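First the structure, in the form of structure tokens, and then the observations on it.
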Amino acid sequence: MKPVGIVRQIDSLGRVLIPKSLRNTLDLKDGDSLELFIEDNNIILRKYQPACIICGSAKNIVTFKGHNFCPDCVREISAKLL
Ligand SMILES: [Zn+2]
Numbered sequence: 025m026k027p028v029g030i031v032r033q034i035d036s037l038g039r040v041l042i043p044k045s046l047r048n049t050l051d052l053k054d055g056d057s058l059e060l061f062i063e064d065n066n067i068i069l070r071k072y073q074p075a076c077i078i079c080g081s082a083k084n085i086v087t088f089k090g091h092n093f094c095p096d097c098v099r100e101i102s103a104k105l106l
């Protein structure tokens, strides 16, 4: 991890402000969603990108019945069913 020299307090509602300069650097816009991860006792925030539940690809995702699939996995599943 690379430190950015910024320390922020968590407010009484558990919120942390991400400075605008850092949001701009990471191309985070108002309304974007962040996904939270825990790794080695650290919290990692990552811009949320829907990904295929089978292979993890984020390209051309299609949502079906609340689950995300990539075209390659859809083709592979379809081929096995036909
Ligand atoms: Zn896939």
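Using the working numbering, read the sequence shown as starting at 25 and increasing by one per residue.
Glycine included, C-beta positions come from ideal geometry on N, C-alpha and C.
What you are looking at is a predicted structure, and each value in this text was computed from that prediction instead of being measured.
Q) When the Cα of Gln33 is compared with those of Ile42, Pro95 and Ser57, which residue comes out closest? A) Considering only alpha carbons, the answer is Ile42.
Q. At what residues does the beta strand (DSSP E) containing Leu50 begin and finish?
A. No beta strand (DSSP E) holds Leu50; DSSP gives it neither H nor E.
Q. Out of curiosity, what's the CA-to-CA distance linking Leu50 and Ser57?
A. Distance between the alpha carbons of Leu50 and Ser57: 13 Å.
Q.
ligand 1 and Ser102: does the residue's C-beta get closer than 6 Å to at least one heavy atom of that ligand?
A. No, since every heavy atom of ligand 1 falls outside the 6 Å radius drawn around the Cβ of Ser102.
(Q) For Cys24 and Gln73, I'd like the C-alpha separation in whole angstroms. (A) In the structure as shown, the chain starts at 25 and stops at 106, and residue 24 therefore has no counterpart that could be examined.
Q) Beta carbon of Ile78: closer than 6 Å to some heavy atom of ligand 1? A) The closest heavy atom of ligand 1 lies less than 6 Å from the beta carbon of Ile78.
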